Structures are given as structure tokens and as C-alpha cells.
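Participant: Protein chains in written order, with the working numbering: chain P, 9 to 283; chain H, 37 to 288.
What follows is the structure in C-alpha cells.
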């Protein structure tokens, strides 16, 4: 057991060394060169701030209960809530729209110009309307994420459906699969799934970025993004860095989880999964 | 029963309201039950188009096709098809590919799998039932494609250069296997090929087509008993005749 762990450590020694050196350089620069906690908090300052965010209790309202949880966890739950409200809405609308556009030429012609006009508007430009239409609540923040996540999902689903190889459709027709509904269900969706999944992955990345901005610009009074701005006002730059790093790690974790889930579940049939 | 009757079929391909190519020009042909017919001709002569019309994937501009006196209006279970390109669904395992047709007809999955096993045995791939297509060689993929087409129990099997992408040895052994299957299953086979050797080895009847527009140039009945020796005198004479007829078309 110990030996196995040691072996793993040895195999990843270069990567480990790289991270450790970066931390040391950061610490030395902050303490001996910059010597200004506001300008550049050191690694140990950030670690201390992290411990405070984990040990201090906050309140998360859940099903009319007020859960007492560490502050960082409360912020994470708020952010994840905003994130998934936006993402689920984007999936629920983006996938069907992309599918119909890819399968029916007439639907493509109706939606394509609208999408091309709306898509280049940066999602963050929607923030004023998110606040006016929906208000300062989780759904307001979710709306901004929805806008950010929607277009990658539509475009990738559409592309996936457009590029279903004709031979599969014909093979299915000859085998008795003849209606549009059955062909979409049994041929187009499985064939387009890798492309759809890639779209969801891109959408999650874009959504994650919109999340921080949406929370920062005051669509929400909670969440990881809001806390970055909040701590900046308080001149707590060590806390700002804690939240920045945590956002990074959480984004990485979500992406990794999605990837391993997809590879296990859907893509056994692909030779080299390029994702 | 699997009688195919092609009556006055024409097909033109139109682009921007202008007829660009006349692929088939008034083709008529009767194919008897359990016959093995090979179509051969210069490339672009419309032999694939003719096969697609029989399958129901394409439509004639003029004329009609009947299978057992029933007019063809679209794809249907009486006709199975094996394509030149690899057409197995890559997201399904071998066995799930084979039961696709029966499942579309509403057969219970359990019964369909039981039936499908037999077809996999017929093509000698029962131990690969849970593999995915990308794990199979080209020849194995086409064997599964044949099993998948047969699992729907068609009267007529349409084959569009099914061995075109395979190497010569695999091709020879698949030709043997196909003859075996044809004799066991008692079905009609329409087989498009560009290989004279293949046509001479397999067919009861060789249909030679003209260069565009595609018409039937000549129909040769082959009476050489099977299994034919690829290098025997009579086979070579027949091959010679087919090659000469094709050469006339190439010159045009």
C-alpha cells in the first residue's frame, strides 16, 4: 500500500515538483519582494484565509430549513444552484432546437438567422435585462448562465445532427425504421451524441465564466463570484484569491466528472475518444 | 417467394431544373425466385441506382418495380440490403446491430437475440456478439451486415458491391460463404459488382449494362455447376465474353 503510493509519487515527480516550485516562488515573491499583503497575498495568507472560510459558519436556506454550513460551502451551493438552473434550462431548450434544426431544413431556415443575430451578443450584456425581467434571485443569475450555455449546445447538437452519416440513415430505413421520430431516436441521436456531449462541455465552461460575472454584477447577493467582489470591497485580497482558486478547482472538477461519466457511459464504441 | 419484376424503369438526376444525367433508361427485367443475379457495367452506368430503386431508397421517374406482384413504394422488410460502405451502427454491439430490424418489427428483445444468434452462427461470428464494430476487421463487418440484413427474413437480398472494399483473399472466402448462405436460406440475391471474376463465380445470370444512360446490354445465363473452379476452361471462356462486352462499353 505505502509502496504503491510511493511509486505513484515517483511517477508523477515532475508534475509535483512543478507545482511545489510554483508555490515556493509565489511565497518568496510575496513575502520578500512585494512585501504588501494587499498587492499580493502570500500562499500562507491564502491558506489561512481558506481555513477561515471553511471554519466560519454561514446559513443556507433549504426547504424552509436554515442549514448551518461552512461559509465556503454555502457560497458553493449558491453558485452551483445558479449554474445548474442555467445549464438545465439551456439543455432543455438547446438540445430540442438543435435537433429539429439539424433534421428539418425548414426549421433550420426559421431559426438560423435569429440565432446568428442573437449569438454574438456577449451573455454578460444580458445582465440588465436579467435583473429587470427576473429580478435579484437565483433565476436571474441562472438566466445569464442560460444565455451563455445555450448557443454552444444548439450549435453542437445542430452540427451533430447535420453530420449523421447518410449510410446509417439508409441502413436503418432498409431495416424498417422509417418515421422521422424513430430515425431521430434510433439513429441521429446516438450518432450525434459525441458532438452533443462536446457542446455540453463547452457550454459548461462558458456557463462557469458567466456565473462569476453574473454574481459579481449584483444579480445575486450570494455565491462564489459575489464573494470575490464583496471581499475586494473589504480589501481582503487573500480571500479574493481563495475564491478565485476555488472557482478554478471546482470548474476543473465538474469538467472531469462529466468527462469520465460520458466516457464510461456512452463512448465505449468509439476507438479513440477525442474530447 | 422473391420474384422481382422491373418494368420500364427510368431515372434522371435533375439539378437546377435541368436534367443533368439520365442514369437509367427504360430498364425492364424479370428475376425469378431464388435466383442469384449479378449486375455489372462501366462505373456510373446506374447499377447502384437500380438496386436502390428496388430497395425503395430511391424512386424511378418512370416505370415500376414489383416484388411478388406488390408494387414498391418505399423501403420494406421484403428486401434486405448490404451496402458497399460499412453501415453497421458503431454505437451498437454486433448483436444489437443484428436485432435492430426484428426490434423495429416489434419482436421482443429476448426472442430477437435468440434468432440473431443463429444468423451470427451462419456467418461464423457468434463469439463476437458483444464486440463493437470498430473492433472488427472489414470482412467481419460485412459478415455482420449480411447477418443483420438476413435477420429481417427478407425475400430478396440486395447487395451493392458488398465486398468492394475488401482484400482479394477475404473477398474470395466471403464469396464462398455467401453461396453457402444463399443455398441454405433460399432467397433471391441481386448483386452489384464491378468485378468480372466475382460475377462469373457467383451468378446464375449476369446482367451487363451499357454506359450512361444505363440500359441492359445483354443478359448471360450461367450454367456452370457450383462450386465453380475460378481457373477452369468454361469459367475463363465466360469471363472472356463478359470482358469483351464490357470493353465495347468502355470504348464509347
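Beta carbons are placed, not taken as given, at the ideal position from N, Cα and C, and that holds for glycine. In this text, all values refer to a predicted model and were calculated from it rather than measured experimentally.
Against residue 195 (chain H), what residues of chain P qualify as contacts under a CB-to-CB distance less than 7 Å, listed in chain order?
Facilitator: What residue 195 (chain H) touches in chain P: nothing, since even the nearest Cβ is about 12 Å away.
Participant: With a threshold of 8 Å between beta carbons, is residue 96 (chain H) in contact with chain P?
Facilitator: no
Participant: Quick check on residue 150 (chain H): buried or exposed, where buried means 16 or more other Cβ atoms within 10 Å of its Cβ?
Facilitator: Exposed is the call here.
Participant: Flag residue 184 (chain P) as yes if its beta-carbon sits less than 8 Å from any beta-carbon of chain H, otherwise no.
Facilitator: At a cut-off of 8 Å between C-beta atoms, residue 184 (chain P) counts as an interface residue with respect to chain H.
Participant: Residue 137 (chain H) CB to nearest chain P CB: under 8 Å?
Facilitator: yes
Participant: When you compare only the Cα positions, how much space is there between residue 41 (chain P) and residue 253 (chain P)?
Facilitator: 22 Å
Participant: Output yes or no for whether 8 Å exceeds the beta carbon distance between residue 162 (chain P) and residue 94 (chain P).
Facilitator: no
Participant: Which first and last residues belong to the beta strand (DSSP E) in which residue 51 (chain H) is found?
Facilitator: For residue 51 (chain H), the enclosing beta strand (DSSP E) covers residues 40-51.
Participant: Tell me, please, whether the CB atom of residue 181 (chain P) is closer than 8 Å to any CB atom in chain H?
Facilitator: yes
Participant: Is residue 76 (chain P) near residue 67 (chain P), with beta carbons less than 8 Å apart?
Facilitator: yes
Participant: Jot down the residue ranges of each uninterrupted alpha helix (DSSP H) in the stretch 178-214 of chain P, minimum 4 residues, whole runs only, in chain order.
Facilitator: 188-191
Participant: Whole angstroms are fine: how far does the CA of residue 202 (chain H) sit from the CA of residue 118 (chain H)?
Facilitator: 14 Å
Participant: Can you check which of these residues, P:38, P:184, P:245, P:73, is closest to residue 136 (chain H) by C-alpha distance?
Facilitator: P:184
Participant: Could you confirm whether any beta carbon from chain P is found closer than 8 Å to the beta carbon of residue 47 (chain H)?
Facilitator: no
Participant: What does a CB cutoff of less than 7 Å around residue 243 (chain P) pick up in its chain, not counting 5 residues either side in sequence?
Facilitator: 46
Participant: Determine, using beta-carbon pairs with one atom in the stretch 220-227 of chain H and one in the stretch 189-203 of chain H, whether at least three such pairs fall under 8 Å.
Facilitator: yes
Participant: Once DSSP output is grouped into helix, strand and coil, what is the label at residue 257 (chain H)?
Facilitator: strand
Participant: Which first and last residues belong to the beta strand (DSSP E) in which residue 51 (chain P) is found?
Facilitator: It is not in any beta strand (DSSP E) - residue 51 (chain P) instead sits in the alpha helix (DSSP H) that spans 51-63.
Participant: Using the beta-carbon count (16 or more within 10 Å), is residue 177 (chain H) buried or exposed?
Facilitator: buried
Participant: Residue 18 (chain P): buried (16+ other C-beta within 10 angstroms of its C-beta) or exposed?
Facilitator: exposed
Participant: Measuring only the C-alpha atoms, how far is residue 278 (chain H) from residue 278 (chain P)?
Facilitator: 43 Å
Participant: Name, please, each residue of chain H whose Cβ falls closer than 9 Å to the Cβ of residue 277 (chain P).
Facilitator: 125, 126, 127, 128, 129, 168, 169, 170
Participant: Give me the chain H residues within the contact set of residue 178 (chain P), using Cβ-Cβ distance strictly less than 9 Å, ordered along the chain.
Facilitator: 88, 91, 93, 111, 117, 119, 123
Participant: Counting only Cβ pairs nearer than 7 Å, list the residues of chain P close to residue 141 (chain H).
Facilitator: Within chain P, 184 have C-beta atoms less than 7 Å from the C-beta of residue 141 (chain H), given in sequence order.
Participant: Can you give me the start and stop residues for the alpha helix (DSSP H) that residue 240 (chain H) sits inside?
Facilitator: Note, residue 240 (chain H): premise wrong, no alpha helix (DSSP H); not H, not E.
Participant: Anything in chain H within Cβ reach of residue 175 (chain P), meaning under 7 Å, just list it in chain order.
Facilitator: 119, 121, 123
Participant: Verify the CB distance criterion: does residue 346 (chain P) have a CB-CB separation below 8 Å to chain H?
Facilitator: Residue 346 (chain P) lies beyond the range of chain P shown here (9 to 283); nothing can be said about it.
Participant: Which residues in chain H sit within 9 Å of residue 199 (chain P), going by Cβ to Cβ distance?
Facilitator: 125, 126, 127
Participant: Here's the rule I'm using: 16 or more other beta-carbon atoms within 10 Å means buried, otherwise exposed. How should residue 267 (chain H) be labelled?
Facilitator: exposed
Participant: Here's a check: name, in chain order, each residue in its chain whose Cβ is nearer than 8 Å to the Cβ of residue 56 (chain P), leaving out the five neighbours to either side.
Facilitator: 246
Participant: Please list, in chain order, all residues of the same chain as residue 251 (chain P) whose beta carbon is under 6 Å from its beta carbon, the five residues on each side excluded.
Facilitator: Once the five neighbours on either side are set aside, the close Cβ partners of residue 251 (chain P) are 232, 235, 236.
Participant: How far does the alpha helix (DSSP H) with residue 107 (chain P) in it extend, from its first residue to its last?
Facilitator: 79-111
Participant: Is the stretch 79-93 of chain H touching the stretch 109-128 of chain H in the sense that three or more CB pairs, one from each, lie closer than 8 Å?
Facilitator: Verdict: yes, contact present.
Participant: Find out if the Cβ-Cβ distance for the pair residue 204 (chain P), residue 165 (chain P) is shorter than 8 Å.
Facilitator: yes
Participant: Out of P:219, P:37, P:117, state which residue places its alpha-carbon closest to the alpha-carbon of residue 134 (chain P).
Facilitator: Residue 134 (chain P) has its Cα closest to that of P:219, out of P:219, P:37, P:117.
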